[in-house]
Each structure stands twice: as C-alpha cells, then as structure tokens.
Amino acid sequence: MSKLTKREKILINLLIIVVVLYASLNFLILPAFNNLNDIKTQKENASISKFEMQSKINNLEAMQNNTIKTQNEIKVLLDGFDLMAPNEQVERKISDILLANNFTINKLTINDADKAFPQLENGDATKEYIKKKYVISEIYGSVNNLTNIMDYVNNLKSIRISYLNLEGNFNDLNQNINISIEFEVFMYENIAS
Amino acid sequence: MPKGFKSKSINFIEAYKQKDNKFIYSKSFKSVVLLLSLVFVLSGVYLYIHLQTVDQKKELKAINNYINDTNNINLYDQALFSENQLTAVLFAQKNNLLSIKNIMDGDAIFGKDDFKSFFDCAANVIIIKNFEYRNTTAAITFVAQTMDVTQIPSYIERLKATNLFSSIEYNGYEKKDDLNYSFNLTCYIKEVNTNE
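Just so you know, the protein sequences line up as chains A and B, in that order.
Residue numbers for the first sequence follow this note's numbering, beginning at 4 and rising by one.
Residue numbers for the second sequence follow this note's numbering, beginning at 273 and rising by one.
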C-alpha cells in the first residue's frame, strides 16, 4: 500500500474538520440555539401575560372602588325613573296625571314599539337600558289645567310632552277645548337598581 | 578539559527544543491542535447556549408559577369581571341615564307662567287657533286671526319681548272674510335641547 501524498493528507484533515464542524453545528449547536429561541419566545409571551395579569390585579381595588362609585351614581340618576312597565301601568300613570287636572280623556293610545334610547345600531337587547313609550291622548279641558300638567311634567325626570295640539279658538285660558297631547315616557331595564 | 577528549557541547534544552519543534511543527500535530481548538470553541459555544437556556428556563418557570398561581388566577378573573362590568355595562348605563338627564334638563316646555305670558300677548286683539307644539323642532306653530292687520307687527313685537322664543317666523296675512285676517306664526322656543 502506497503512502498518502501530502495533498491527500490535507484533504483528509479538511474533511475531518468539515465533518466535525457540520456535526457539531447541525446536531448540537443549532438545536440548542433553536431550543433557546423557543424558550425565549415562550418567556416573552409569558412575560406579556404576567404583565397584563399583574397590572389588572394591581388595578383591582381601584376598579372595584370605581364600580361602587359608578353604581352609586347610577342609583342617583335612576331616581325618578320607573322600571320598564307594561302598557296598563303606563296608561294608569298618564291617566292619573290627566284626571288629577280635571281633564276628560276621550282616547288614550300607547305606542307598542318600545324604542331603545339611544337607539343601538347592533340591536343588542341586553344593552338597551332606557326605553321610551309614546302615550297619545285626546283630552277635553282648559288650557289653564293643561299648563298645570306642563309644570308638573317639567319637574319629572322620566316624562316629557313631545306633541301638543290645541284645537279651535281660545283666548280664555279657562275655556274647555279639545287637546291632543303626546307624552314620551322613559323607563329603564337591564339595570340593577 | 583533559587532552585527548573531544569536546562536544551537550545542550539538552536545545535538543529538547529541537525535538519538540520537530514534533510541534509536524503537520499531524498541527492538525490535531486545530481540531482540538475547533472542538474547544464549539464546546464553548454549546456550553454558553446551554447555560443561557438553563437561565431562561428558570425565569420562564418563575413567570409560569406566577401566572398559574390559583390566588393570582382568582384575582385576575375578578379584575377582568370588574373591568368588563365597569366599562361595558355600568359606563353605558350611566351614559344612557346622563343623556336622558341632559335632554330632560334642557327640554323644559312652556310652564304655566310662560303660557300665560304667551296668551297675554294676544291682548284681546288676536285670536289664536290651532296651536301646535313639537319637541323635535322645539317649535310652536299656530294660526291667528285679527280684525286689524296693523296689530300684527305689534303682536309679534310683544311675543319677542316675552323672551321665550329664539326666533319667530311670519310670512304675511290673508283676508278670510269681511272682518277677519288670518296669519300663521312659527315660534321657536329658546334653549331647548333637541339632540336625540
């Protein structure tokens, strides 16, 4: 067997170096590096989750205080509002106002469509907190008594006059005339009072 | 030095160096050193990465311990619930109620005194007919009659003087019969919020 030439020896050495380099990089260093990167990514994600969790937990007390404060504000704002009621109760309420001011009620109609206020675009019923009903009534009585109703309703938080029509001639405020009157009645629902 | 001895310098260090140098500078030794250096460097890199990995794993474990802690999970759930309750529900409820309050506060239709002032303006020379009010326009519209058309401007002046209206629209009159002239008026009530 002839001796290896100088060139062959160099080539064998180079081959060994290349094999060692390739094997080390491919089977040791790169997998370890990839593993490190994976763990770094996991840690970053976990850190974000932890930060979010920590900040929410730190704000919990302030949030709860704010919740109580807002609930109290809502209670104050709800004062004067009625819980969403069926038509017969709404009718009773408006009739009582009209009768207490000596009006004869010829007709009273309640608009069935309970409109959310403000109107929601997506129509999510659970997020409709204020609804309004329209009560349209034809009554007979004096303008003087009508102004008493106006004064009374102006002081209410949940009812307003949205339309008024006084028919015929009237210069005497005590003269009885036919009046069409429309009330907007605001009521709440889905709110814990 | 005695005569007859042949002088020969003995230098072990030099000999050793020569020998070593021969070995050191031999090609196979160079190859082995190169290979070992390569292995050493690669091992160093691997060790560094491994230590980093161990370190990162420790930190990850500490973070995961915090995240998976039952107490922390409960507090976090409470915080999420409170936040959702506050932002999605309570604020919406409060804003709805505030918007109603603002509308109602700014939507004072005529009171008793205002109505009396309005009718007093007629002063028995103007007869008011078919009075109509709509809160969407905050306008009062009515037909009025008079026997004396010269009274109309002063009537409008009296209406303006009540300070109840932001503007009054008048577009002339028409003779209805031998005695009466008819005219339409639209009066816009002041400071009425119609944002709905």
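C-beta: ideal position from N, C-alpha, C; glycine also.
Taking Cβ-Cβ distances shorter than 7 Å, what residues in chain B pair up with residue i?
i: L63 (chain A); result: L347, Q350, A351 and S354
i: N45 (chain A); result: The identity of residue 45 (chain A) in the sequence shown is Gln, whereas the question assumes Asn. Simply L332.
i: I60 (chain A); result: N344, L347, Y348 and A351
i: V188 (chain A); result: Per Cβ cutoff of 7 Å: no residues; V188 (chain A) is ~12 Å from chain B at best.
Does the Cβ of residue i have 16 or more other Cβ atoms within 10 Å, making it buried, or fewer, making it exposed?
i: V93 (chain A); result: buried
i: S309 (chain B); result: exposed
i: N148 (chain A); result: buried
i: R95 (chain A); result: exposed
i: A360 (chain B); result: exposed
i: M66 (chain A); result: buried
i: E91 (chain A); result: exposed
i: E11 (chain A); result: exposed
i: T408 (chain B); result: exposed
i: Q365 (chain B); result: buried
i: Y427 (chain B); result: buried
i: I15 (chain A); result: exposed
i: A103 (chain A); result: exposed
i: Y320 (chain B); result: exposed
i: I13 (chain A); result: exposed
i: T150 (chain A); result: buried
Just the chain A side, please: which residues come within less than 8 Å of residue i by C-beta, in chain order?
i: K447 (chain B); result: Per Cβ cutoff of 8 Å: no residues; K447 (chain B) is ~18 Å from chain A at best.
i: K329 (chain B); result: I42
i: L358 (chain B); result: M66, N69, T70 and T73
i: N336 (chain B); result: A49
i: I339 (chain B); result: A49, S52, K53 and M56
i: K462 (chain B); result: Going along chain A, no residue has its Cβ under 8 Å from K462 (chain B), so there is no contact; the nearest lies around 15 Å.
Which residues in chain A sit within 7 Å of residue i, going by Cβ to Cβ distance?
i: M376 (chain B); result: K160 and R163
i: S303 (chain B); result: N16
i: I321 (chain B); result: I32, A35, F36 and L39
i: T325 (chain B); result: A35, N38, L39 and I42
i: V317 (chain B); result: I32
Determine the chain B residues that contact residue i at a beta-carbon separation under 8 Å, and present them in chain order.
i: L132 (chain A); result: For clarity, residue 132 (chain A) is Tyr in the given sequence; the question names Leu instead. Neighbours of Y132 (chain A) on chain B, chain order: A364, Q365, N368 and L369.
i: I20 (chain A); result: L306, L307 and L310
i: L24 (chain A); result: L310 and L314
I believe residue i touches residue j by the beta-carbon criterion, under 8 Å. Please report the beta-carbon distance rounded to the nearest angstrom.
i: Y442 (chain B); j: T418 (chain B); result: No, Y442 (chain B) and T418 (chain B) are not in contact; Cβ-Cβ is about 13 Å, not under 8 Å.
i: V146 (chain A); j: L169 (chain A); result: 7 Å
i: Y132 (chain A); j: I194 (chain A); result: 5 Å
i: I375 (chain B); j: I412 (chain B); result: With a Cβ gap of about 19 Å, I375 (chain B) and I412 (chain B) do not count as contacting.
Which residues in chain A sit within 9 Å of residue i, going by Cβ to Cβ distance?
i: L431 (chain B); result: Going along chain A, no residue has its Cβ under 9 Å from L431 (chain B), so there is no contact; the nearest lies around 15 Å.
Report the neighbours of residue i on chain B: residues whose CB is nearer than 9 Å to its CB, in chain order.
i: N151 (chain A); result: K384
Output needed in chain order: residues of the stretch 167-181 of chain A with a Cβ under 8 Å from some Cβ in chain B.
Within the stretch 167-181 of chain A, the residues whose Cβ lies closer than 8 Å to some Cβ of chain B are L167, N168, L169, E170, G171, N172, F173, N174 and L176, listed in chain order.
Report yes or no: do three or more beta-carbon pairs, one from the stretch 97-115 of chain A and one from the stretch 342-352 of chain B, lie closer than 8 Å?
Result no; under three Cβ-Cβ pairs closer than 8 Å.
Counting pairs of beta carbons, one from the stretch 73-89 of chain A and one from the stretch 137-146 of chain A, are three or more of them closer than 8 Å?
Judged by Cβ distances under 8 Å, the stretch 73-89 of chain A makes no contact with the stretch 137-146 of chain A, as fewer than three pairs qualify.
Do the stretch 31-50 of chain A and the stretch 324-331 of chain B make contact, defined as three or more Cβ pairs closer than 8 Å?
Because the criterion of three Cβ pairs below 8 Å is met, the stretch 31-50 of chain A and the stretch 324-331 of chain B touch.
Could you please tell me which residues of the stretch 62-88 of chain A, in chain order, have their CB closer than 7 Å to any CB of chain B?
Listed by position, the residues of the stretch 62-88 of chain A near chain B (Cβ gap below 7 Å) are N62, L63, M66, Q67, N69, T70, T73, Q74, E76, I77, L80 and L81.
Do the stretch 170-177 of chain A and the stretch 97-105 of chain A touch if we need at least three Cβ pairs shorter than 8 Å?
Not touching, per the Cβ criterion.
Positions along the stretch 94-115 of chain A whose CB lies within less than 8 Å of some CB in chain B:
Look at the stretch 94-115 of chain A: it has no residue with a C-beta under 8 Å from a C-beta of chain B.
Closer than 9 Å between beta carbons: that is the criterion. Which residues of the stretch 402-413 of chain B meet it against chain A?
Residues of the stretch 402-413 of chain B with a C-beta atom less than 9 Å from some C-beta of chain A are N402, F403, E404, Y405, R406, N407, T408 and I412, listed in chain order.
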